[in-house]
Every structure is written in C-alpha cells, then in structure tokens.
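Trainee: Numbering (our numbering) for the sequence shown: 18 to 213.
Following this message is one structure expressed as structure tokens.
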Amino acid sequence: MSSIRLLDLSYNSLRTLNGIHLYEKVEELIIDNNGLTLLSLPPMIHLKSLSVNNNNVVDLHRTLDNIALAAPQLSYLSMLCNPLCPNELNSGDEDDYQIYRYAVISRLKNLKFLDSRPVTPTERDESERHLLFNDVVRATEKNFKVQRKVNYWGSPLRETKPLKPNQKRTSVAGKQKKRYSGRNSEGNRFIGNECL
C-alpha cells in the first residue's frame, strides 16, 4: 500500500477517513461525492493534490488548519459543492467566494490551484491583506440564537401594543402627485446656456 501514488475514494458514502494513514505516500487523493462532514487527514507529507468536492464539509477554519498541518506540500485543492465553499447555489455570491478564496490561499502557502482557477500572485497578495479584516462565517441552527432586542426609550423601533381579540391593525397610506420642474435638481447647476 505504501507505493500507491493516486487514491480515488469517490462515490463510497464515506463518513470518516479511518484507515487512510496506511497510504502515507499518496500524492493525489480524490474523495469526491461522499458524506464527509469533517475533513480530518493524518500526516501526508507527499500529498500534492486533494479533491473533496460534493461532500458536506462545513467548518472552513478547522478544515484549513488540518490540511495545513497534514499536507504542507499541497498545491492543488478543490472543495466545490461543500457548505464551506460559498457559491450561487448555496446562498453565496462572487464576493463571498472571493473572500473564501482569500482565506484558503492565506492559510495554504504552497497552493497553486484552488477549485477551478489558478492562484494568481495578485490574489496571494490580497489574501494577506484580507486575512486581517475578513472572515467567512456561516450561521447554523446550532450556533445561531435569536435574541430579543430590548428597545430602550431612544430606539427608533418602538414596540407596539399587543392586539385585543377581534382587533385589526390599521394603517394609512397616501398618494401625492409630484411634478418635476427641474428647479431643484443638482445636475442643472452645471449646465450653462451655451450647452443647451
């Protein structure tokens, strides 16, 4: 087993990586499409490529800490379609994804390729800068508690009185017809008669 360089464990419904320590000389590990919720690798000093796509890995910082210690020579990493990787499909956007990339790149110094794109020198420089100010945090039901805010006397959000039985809330809405004359426009002060 120690001579195996490529290990593909995709589509095996894995929940843990028990026994993977037997493959200590693996250079490329593919564990796509399993049920992993936590990525816990043993020391794999020869590992250069890791693909963990389409699993249920949630904790980015714990995962990055483990990868940084277990695989210091890692140059290719793909973690697409995991809850820790924000994208349009899991209520993220391009900005969230870029912050995720900065977090990964700043933690894994030898990384040359992340997900579907190479790591650029500009991204590496930006990742160091963003490391100081940004962090990717996802709220889960376990760690997200709804707290009732106390409205103090100065709060603009006053609490309303509870309704009595058979009482309905009423509101007043109005419509005002406005006509634009152009006199109060800020843009008009820059237009001279010679421009008309």
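All C-beta atoms in this analysis are idealised placements derived from N, C-alpha and C, irrespective of residue type, glycine included.
Label residue 133 either buried or exposed according to how many other C-beta atoms from any shown protein chain fall within 10 Å of its C-beta, with 16 as the threshold for buried.
Mentor: Your numbering for residue 133 matches position 116 in the sequence shown. Burial call: exposed.
Trainee: Between which two residues does the alpha helix (DSSP H) holding residue 123 run?
Mentor: To locate residue 123, count along the sequence shown from 1; it is residue 106. It spans 111 to 124 - the alpha helix (DSSP H) in which residue 123 sits, taken as one unbroken run.
Trainee: Return the Cβ separation of residue 104 and residue 73 in integer angstroms, given the expectation that the two are a contact with Cβ distance under 8 Å.
Mentor: Along the sequence shown, read from residue 1 onward, the residue named residue 104 stands at position 87. Along the sequence shown, read from residue 1 onward, the residue named residue 73 stands at position 56. Their Cβ separation, rounded to whole angstroms, is 15 Å, which puts residue 104 and residue 73 out of contact at 8 Å.
Trainee: Quick one: measure Cβ to Cβ for residue 69 and residue 86, integer angstroms, because I've assumed they're closer than 8 Å.
Mentor: As a first step, residue 69 is located in the sequence shown; it is residue number 52 there, counting from the start. As a first step, residue 86 is located in the sequence shown; it is residue number 69 there, counting from the start. Between residue 86 and residue 69 the Cβ distance is about 16 Å, and since that is not below 8 Å, they are no contact.
Trainee: DSSP three-state label for residue 95, please.
Mentor: Reading the sequence shown from its first residue, position 78 is the one you call residue 95. Strand, per DSSP.
Trainee: Is residue 146 buried or exposed, if buried means 16 or more other CB atoms sit within 10 Å of its CB?
Mentor: What you label residue 146 is simply residue 129 of the sequence shown in a count that begins at 1. Per the 10 Å Cβ criterion, exposed.
Trainee: Quick one: what's got a C-beta closer than 7 Å to residue 136's C-beta in the same chain, skipping five residues either side?
Mentor: Residue numbering aside, residue 136 sits at position 119 when the sequence shown is read from its first letter. Correct list, in chain order: 122, 128, 129, 130.
Trainee: Return helix, strand or coil for residue 66, following the three-state DSSP convention.
Mentor: Reading the sequence shown from its first residue, position 49 is the one you call residue 66. Residue 66 falls in the strand class under three-state DSSP.
Trainee: In three-state terms, what does DSSP make of residue 84?
Mentor: For the purposes of this step, residue 84 is taken as residue 67 along the sequence shown, with counting starting at 1. If DSSP states are grouped into helix, strand and coil, residue 84 belongs with the helices.
Trainee: Pick helix, strand or coil for residue 49, following the three-state DSSP scheme.
Mentor: As a position in the sequence shown, residue 49 is number 32, starting the count at 1. It is coil, neither helix nor strand.
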